[in-house]
Amino acid sequence: MELYLNRVTKQYGNKIACDRISLRMKSGVYGLLGANGAGKTTLMRMICGVMTPTSGEITYDGIDVRQEAYRDVLGYLPQNFGYYPDFRVQDFMMYLAALKGLPKNPACERTASLLRLVSLEKESKRKIKTLSGGMKQRLGIAQALLNDPKILILDEPTAGLDPKERVKFRNLISRLGQDRIVLLSTHIVSDVEYIAGEILMMKDGQILHQGSRDEIIRTIHGKIWECCVPETNAEQLCTEHTVINLRNSGKDIILRVISDTIPRENAVSAEPTLEDLYLYYFQEEAEQ
Amino acid sequence: MKQMRKKDWSHELTLAFAAPAPKRKEAFLKTMPVPQLDPRGFFFTQLQYIRKRTWIFSIFILLACIGIVRFASDGVCWKTAALLPFLTLITTTEFARSTQWNMVELEMSCKYSLSQILMARFLIFGTVDFLILGVIIGIVSTQSEFYLLRTVLYLITPCTMTAALSLWIIRRTPRNESIYFCAAASAFISIAHDLAGSSGAYFYHPDLLPVWEFLCLASVCFLLKQGKELLSSARKGQLLFIH
């Protein structure tokens, strides 16, 4: 089981959305992290065959992304998916099951079990337009699993889910990643931190880092500092450095700062987290 | 008697010992071949998802044409021809559904992808419209002052013109508005027929026959080109960028 991307590039006019990306993915959960406009959605769309790369190739066990056999093992949750307005939950699942090549009886069974899995079994007769945002997102997750895919691509899957649903969803993804390739993109760093075995950091259409959480965090070792300063100095420090966290401690303020050099004499080096890494690479976007 | 005792034994055993939980059931089930929907099965499932109102409206147009032939004293051909763009309009709304309701991305990523869905719809509506048009041409030709081929020419041309224009519009206008543009195009062709037909006999004058033939041929070619381009756009993901 191997998903292979070979120098995949996507160009829109003068803008390069994805720049010669090469990856080899085996079973497991891969988290794609990046700011808005980094090229995450474009990359995911190309992996799903929804968008044609300008150059490069994408294959799964030698099957080209354009082939029906590739789509047969693919499950995809787009960032913003639509639905026909007259569809009920059950109709939506049955319609997509037919497109995924499932005959009626297995489709009914699969729909029932997946709706149970995402706690929507009681809503199966409801019109989709009456569902809440979180429910729609859970429905999107259920449809992606209809054909028991070997490649599961989830674009912002936890958007709109409440904390309880997110935890449930994270556990589900972890289980699914045992025997398939799961690629998920999100802005919620903690989601990736908890479940992704491998993290891909994307910026300006390129993969900056790829590796386990500990491996990629190592790149900012010695660049995270904590210091305790009076309120008057805190303002100045905020303008000079990227401040990740700021909390009051009596008269003073404790700051968590990203800096290549020691920001103040009394600053102490802190253990970096994935969120620190994210802000280190995307500080301009974060400031915007 | 012997069999009864066996049955009792098995019953007693099931009461005395709980059956062990299945081991690796899921893994075993995964090795079983999953039945797959073949292309013919897929085509028939697509029939189920065509909106009822599409069928109802198509039948309504057919009945209206029958009514014209039955009750109109003259101008049966142009009156019927003025109605036919609306038959085409109903069909083309089915081709715009995926873009209109933002289903393009999901449908493209499925085994039977968007281009195959569109092909199934082309086949369904091509057949249905062909049958409806066949019935209408058959009825109109009984009352028409023209011979059969001319009747066919006068009735088919507005249909192919509307279909070609609508397919062109679907790929070039914002997804929420494309239906309105298609409706406008249909209404324009319909009203043009109505006005030209009612204003005098010159509309169907034999001198204009080459013009009609050219229009028919050009619109059929344009329709085929638009159909091919729509399928190609669906394959390449260009329909994604219609906002």
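Heads up: the sequence lines are chains A and R, in that order.
To convert, note that position 231 of the first sequence is 231 in the numbering used here; the numbers rise steadily by one, no gaps.
Position in the second sequence (from 1) plus 288 gives the number in the numbering used here.
All C-beta atoms, glycine included, are put in the ideal place defined by N, C-alpha and C.
CB contact flag (A:Gly-134, A:Gly-160, <7 Å): yes
Please identify, using Cβ separations under 8 Å, the residues of the stretch 206–240 of chain A that lie next to chain R, in order along the chain. none
Let me check one thing: in DSSP terms, what residues is R:Gln-526 bridge-paired to? According to DSSP, which records beta bridges pairwise, R:Gln-526 is partnered with nothing at all.
Contacting residues, own chain, Cβ-Cβ under 6 Å from A:Gly-28 (five flanking each side not counted): Spatial neighbours of A:Gly-28 in its own chain (CB-CB distance under 6 Å, excluding positions within 5 residues in sequence) are listed in chain order as Gly-177, Gly-197.
Validate contact between the stretch 456–467 of chain R and the stretch 511–521 of chain R using beta carbons, cut 8 Å, 3 pairs: yes
Once you ignore the five residues that flank A:Gln-210 on each side, which residues in its own chain have a CB closer than 8 Å to its CB? Leu-23, Glu-198, Ile-199, Leu-200, Met-201, Ile-216
Any beta carbon from chain A within less than 7 Å of R:Tyr-468's own beta carbon? no
Contacts of R:Gly-329 in chain A (Cβ-Cβ under 7 Å): Pro-103
Helix, strand or coil at R:Tyr-337 according to DSSP, with G and I counted as helix: Correct three-state label for R:Tyr-337: coil.
Assigned secondary structure, A:Leu-43 (DSSP; H/G/I helix, E/B strand, else coil): helix
Going straight from the alpha carbon of A:Ala-35 to that of A:Ser-185, what length do you get? 10 Å
Take every Cβ of the stretch 85–97 of chain A, pair it with every Cβ of the stretch 43–59 of chain A, and state whether three or more of those distances are shorter than 8 Å. The stretch 85–97 of chain A vs the stretch 43–59 of chain A: no contact.
Cross-chain neighbours of A:Thr-242 in chain R, by beta carbon under 9 Å: Chain R residues near A:Thr-242: none, gap ~35 Å exceeds 9 Å.
Return the chain-ordered list of same chain residues with a C-beta closer than 6 Å to the C-beta of A:Thr-42, the five sequence neighbours on each side being excluded. Excluding residues within five positions, the ones whose Cβ falls inside 6 Å are Lys-10, Ala-17, Cys-18.
Mark R:Ser-404 as exposed unless 16 or more other C-beta atoms lie within 10 angstroms of its C-beta, in which case mark it buried. Here residue 404 of chain R is Gln; the residue named in the question, Ser, does not match the sequence. Label assigned to R:Gln-404: buried.
Rounded C-beta distance between R:Leu-377 and R:Ser-474? I'm assuming under 8 Å. 4 Å
Inspect the beta-carbon positions of A:Cys-227 and A:Ala-270 and report whether they are closer than 7 Å. no
Length of the line joining the Cα atoms of R:Ser-371 and R:Gly-414: Note that residue 371 of chain R is Leu in the sequence shown, not Ser. For R:Leu-371 and R:Gly-414, the distance between alpha carbons rounds to 18 Å.
Nearest-angstrom Cβ-Cβ length linking A:Arg-110 and A:Ala-98, presumed shorter than 8 Å: Not confirmed; about 12 Å, so no contact.
For a cutoff of 7 Å on Cβ pairs, would you count R:Pro-373 as touching chain A? no
Note down the Cα distance separating A:Ala-144 from A:Tyr-76, rounded to an integer number of angstroms. Their backbone Cα atoms lie some 5 Å apart in a straight line.
Compute the distance between the beta-carbons of R:Phe-345 and R:Ala-408, then report whether it is under 7 Å. no
Span separating the alpha-carbon of R:Ile-420 from that of R:Leu-437: 17 Å
Residues of the stretch 394–422 of chain R whose Cβ lies closer than 8 Å to any Cβ of chain A, in chain order: For the stretch 394–422 of chain R, the residues whose beta carbon sits under 8 Å from a beta carbon of chain A are, in order, Leu-394, Glu-395, Met-396, Ser-397, Cys-398, Lys-399, Tyr-400, Ser-401, Ile-405.
Residue range of the alpha helix (DSSP H) that includes A:Trp-225: Premise fails: A:Trp-225 lies in the beta strand (DSSP E), 224–230, not in any alpha helix (DSSP H).
Between which two residues does the beta strand (DSSP E) containing A:Asp-343 stretch? Residue 343 of chain A lies beyond the stretch modelled for chain A, which goes from 1 to 288, so this question has no answer here.
Buried or exposed for A:Asp-191, going by 16 or more other Cβ atoms inside 10 Å? A:Asp-191 is buried by the Cβ-count criterion.
Under the three-state reduction of DSSP, which class applies to A:Glu-209: helix, strand or coil? At residue 209 of chain A the sequence reads His, which differs from the Glu that was named. Strand, per DSSP.
As a quick exercise: from R:Thr-448, R:Glu-393, R:His-481, pick the residue whose alpha carbon is nearest that of R:Ser-521. R:Glu-393
For A:Val-8 and A:Leu-152, I'd like the C-alpha separation in whole angstroms. Rounded to whole angstroms, A:Val-8 and A:Leu-152 show a C-alpha spacing of 19 Å.
Separation of R:Cys-447 from R:Val-364, as counted between CA atoms: Distance between the alpha carbons of R:Val-364 and R:Cys-447: 16 Å.
With distances taken from CA atoms, which of A:Lys-223, A:Leu-274, A:Arg-247 is nearest A:Pro-263? A:Lys-223
Neighbour-count burial assignment, R:Ile-347, 16 or more Cβ in a 10 Å radius: exposed
Can you tell me whether A:Asn-147 is helix, strand or coil according to DSSP? coil
Residues of the stretch 48–78 of chain A with Cβ closer than 7 Å to any Cβ of chain R, in chain order: Cys-48, Gly-49, Val-50, Met-51, Thr-52, Glu-68, Arg-71, Asp-72, Leu-74, Tyr-76, Pro-78
Under the criterion of a Cβ to heavy atom distance below 6 Å, does R:Ser-486 qualify as lining the ligand NAP? The ligand NAP is not part of the structure shown, which contains no ligands of any sort.
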